[in-house]
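Numbering (the numbering used here), first residue to last: 12 to 683.
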């Protein structure tokens with residue numbers, strides 16, 4: 012139900028105070044009135060909890076923790092008066108008293124996690140008509156989001172109960188030729204060995220750590236092993252290195268449809284296009300038989316398209332009763348996947364399928380509610396394996412590798428740990444790279460270390476310190492990075508070339524509003540480009556106009572986050588050209604494009620899943636709830652070769668001290 016366009020008068024002064032101070036949204040207040048419509052007389056402390064759950068959901072949290080709220084830990088949100096003050100006025104002076112009030116309400120259903128079986132947990136909220144779910148741990152959810160979280164948790168618990176699959180150590184060795192001169196462990200090889208033995212695995216790593224190379228080798232190993240098993244029906248075994256004499260066996264194996272059905276997906280079209288490009292490049296570097304390479308798809312799709320989004324219906328085409336027809340699913344940029352999407356993805360998986368999740372756990376969480384990757388990797392340790400992982404790897408690694416790995420074993424760890432691999436060695440940035448050092452310092456919340464890099468003599472990092480009183484934006488300086496792009500526009504290059512030129516440089520902002528916000532910066536840049544003669548027309552659409560989709564569009568098949576660039580086609584008809592997930596270009600008449608905004612500057616959130624040669628990131632000159640180390644780290648790691656930061660030192664220091672932690676029940680349930 013959409014309440015966003017309605018106007019409701021509040022019955023309580025604190026609701027009005029929160030609404031006027033923008034602590035809550037109109038939709039949050041409408042939600043409470045919706046609850047009141049179903050119950051004639053309602054405890055005000057229950058309404059308080061309900062509006063908080065809705066407000067927290069809008070900020071990305073899937074639940075509220077009653078104890079944290081009561082004690083004033085509001086996860087970065089601000090309420091005036093504070094919830095604890097309101098509770099006191101309602102004669103509630105302990106968390107237990109609030110819990111009992113909620114328990115007695117017909118709007119709240121109780122969930123006892125200790126006595127409920129995981130198999131039935133996901134359907135609990137569906138069986139109850141109550142709109143709110145309260146757990147015995149004091150977490151309060153909207154029923155729908157409780158169901159999503161329980162679906163993910165049930166899946167994890169099922170995977171933790173499964174045994175390990177066999178991994179062919181000789182094939183693994185051939186994919187990772189050993190370096191006799193090196194005494195270092197190959198953590199990419201360990202990640203592949205571990206993931207190949209699991210139906211569910213997560214591989215996390217920062218930029219340049221070789222995540223795509225690693226998963227391409229993983230897919231090659233899985234295909235190779237499948238072919239081997241099929242070929243064994245033709246003869247007792249298949250040699251570990253293919254020769255011409257194996258051609259007939261391979262052909263027979265292929266004709267028997269023994270190849271695993273593999274799907275590649277990412278949250279956005281841009282991320283899917285990057286995954287397509289990366290997998291294609293990684294395959295070219297593999298020296299293995301062509302049938303294996305041919306079995307690894309190069310075309311990725313968006314999660315919405317994979318699941319069969321039907322814009323006239325709320326449900327995807329693929330779900331529990333109509334699962335995907337795949338054997339292996341690889342999902343990239345998982346930090347962008349919200350809780351509802353992850354739940355729906357898991358429900359659409361066939362029971363036998365493998366799921367491989369890939370991403371950077373340190374990036375910003377998804378725009379919508381949830382922090383699935385962060386929750387699942389919460390306690391992961393760098394260059395460590397659990398005892399269970401080590402035991403499972405004994406048949407996959409050689410004696411020397413096992414001896415070195417034995418020094419990295421964690422004796423006690425939660426079951427989820429054996430499904431995780433963390434890649435930390437960067438092949439993009441060396442020890443002297445300013446970008447690499449800056450990203451590392453920011454990620455560890457090292458204020459002094461961050462400032463040291465920014466003030467250092469690095470050729471790929473520049474800091475432009477801004478004044479807190481600064482109200483003017485140096486648009487000319489920002490616009491310099493787009494000179495090459497506009498030169499390509501004038502030359503009427505092919506759309507694919509123009510997209511390549513556009514990806515050379517990007518301005519990123521942390522916020523939407525204000526002088527340093529994305530709306531003002533885009534308007535200022537377009538005005539500057541017009542005055543400089545780059546924009547040749549005053550019309551809304553012109554050659555060189557850059558836009559980003561802000562909604563999924565069923566008419567065009569374009570998705571939120573897709574970037575389009577305007578260029579005339581061969582008939583001199585202006586079109587908006589998009590890079591599809593498969594890497595192809597497609598042009599649309601401007602009249603068909605709806606729900607978009609300019610993208611000469613974009614928010615850091617929108618930049619997730621993208622990389623640019625050069626990046627300028629602008630922070631606002633005032634404190635903002637969105638500023639935290641995750642946002643700054645994400646902005647830095649969008650840059651491949653050069654990063655420039657426009658920020659006030661005090662604002663920067665404050666942001667580096669903040670970690671964004673979203674409330675959910677997953678972390679405690681999995682890492683207990």
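A virtual CB, placed ideally from N, CA and C, is assigned to each residue, including glycine.
Computed from a prediction, not measured in an experiment: that's the story for all the values here.
Distance from residue 639 to residue 671 at the Cβ level is roughly 4 Å; contact confirmed, criterion being Cβ atoms closer than 8 Å. Following the DSSP letters along the chain, one finds residue 590 inside the beta strand (DSSP E) bounded by residues 585–590. Contact annotation, residue 557 with residue 623: C-beta distance approximately 13 Å; criterion of less than 8 Å not satisfied. Under the three-state reduction of DSSP, residue 476 is assigned to strand. For the region 487–531, the full-length alpha helix (DSSP H) segments reaching 4 residues or more read 494–501, 506–513 along the chain.
By the C-beta criterion, the region 380–399 is judged to be in contact with the region 67–77, since at least 3 inter-stretch pairs fall below 8 Å. In the same chain as residue 319, and ignoring 5 residues on each side of it, the C-beta atoms closer than 7 Å to its own belong to 327, 328, 329, in chain order. A Cβ-Cβ contact shorter than 9 Å links residue 578 with residue 503. A residue is called buried once 16 or more other Cβ atoms fall within 10 Å of its Cβ, and residue 636, having fewer, is exposed. The Cβ-Cβ distance between residue 642 and residue 473 does not fall below 9 Å.
Assignment of residue 469 by DSSP, reduced to helix, strand and coil, places it in the coil class. Membership of residue 657 in the beta strand (DSSP E) is indicated by the continuous run 650–658. Here the alpha carbons of residue 667 and residue 661 stand approximately 10 Å from one another. In this structure residue 58 touches residue 46 by the C-beta definition: roughly 7 Å separates them, less than 8 Å. In the three-state scheme derived from DSSP, where H, G and I count as helix and E and B as strand, residue 104 is classed as coil. The alpha carbon of residue 443 has as its nearest neighbour, out of 565, 459, 140, 464, the alpha carbon of 464. Distances from the CA of residue 26 to each of 98, 76, 292, 87 were compared; the closest alpha carbon is that of 98. The straight-line gap separating the alpha-carbon atoms of residue 285 and residue 513 is approximately 15 Å.
Note on geometry: alpha-carbon atoms of residue 433 and residue 547 lie some 50 Å from one another. By the CB criterion at 9 Å, residue 311 and residue 592 fall inside the cutoff.
Taking a cut-off of 8 Å for Cβ pairs, the region 115–125 and the region 144–153 touch, as three or more such pairs fall below it. Note on geometry: alpha-carbon atoms of residue 419 and residue 539 lie some 56 Å from one another. With fewer than 16 other Cβ atoms inside 10 Å of its own Cβ, residue 467 counts as exposed. Three or more Cβ pairs drawn from the region 382–399 and the region 340–353 lie within less than 8 Å of each other, which places the two stretches in contact.
As the crow flies, the alpha-carbon of residue 581 is around 41 Å from that of residue 349.
The three-state reading of DSSP puts residue 329 in coil, since its state is none of H, G, I, E or B. Under the DSSP definition of a beta bridge, residue 122 partners with 146. When only Cα atoms are considered, residue 224 and residue 408 end up about 19 Å apart. The DSSP-derived three-state label of residue 110 is helix. Three or more beta-carbon pairs separated by less than 8 Å are not found between the region 294–307 and the region 332–346, which leaves the two stretches without contact.
Ranked by how close their Cα comes to the Cα of residue 532, the residues 40, 649, 518 have 518 in first place. Residue 521 places its beta carbon 9 Å or farther from that of residue 489. When 309, 79, 168 are compared, the shortest CA-CA separation from residue 595 is found for 309.
DSSP links residue 339 through a beta bridge to 273, 365. Take residue 187, set aside five residues on each side of it, and the residues of its chain with a beta-carbon closer than 8 Å to its own are 197, 199, 200, 203, 228, in chain order.
Scanning 146, 680, 90 for the CA closest to the CA of residue 110 turns up 146.
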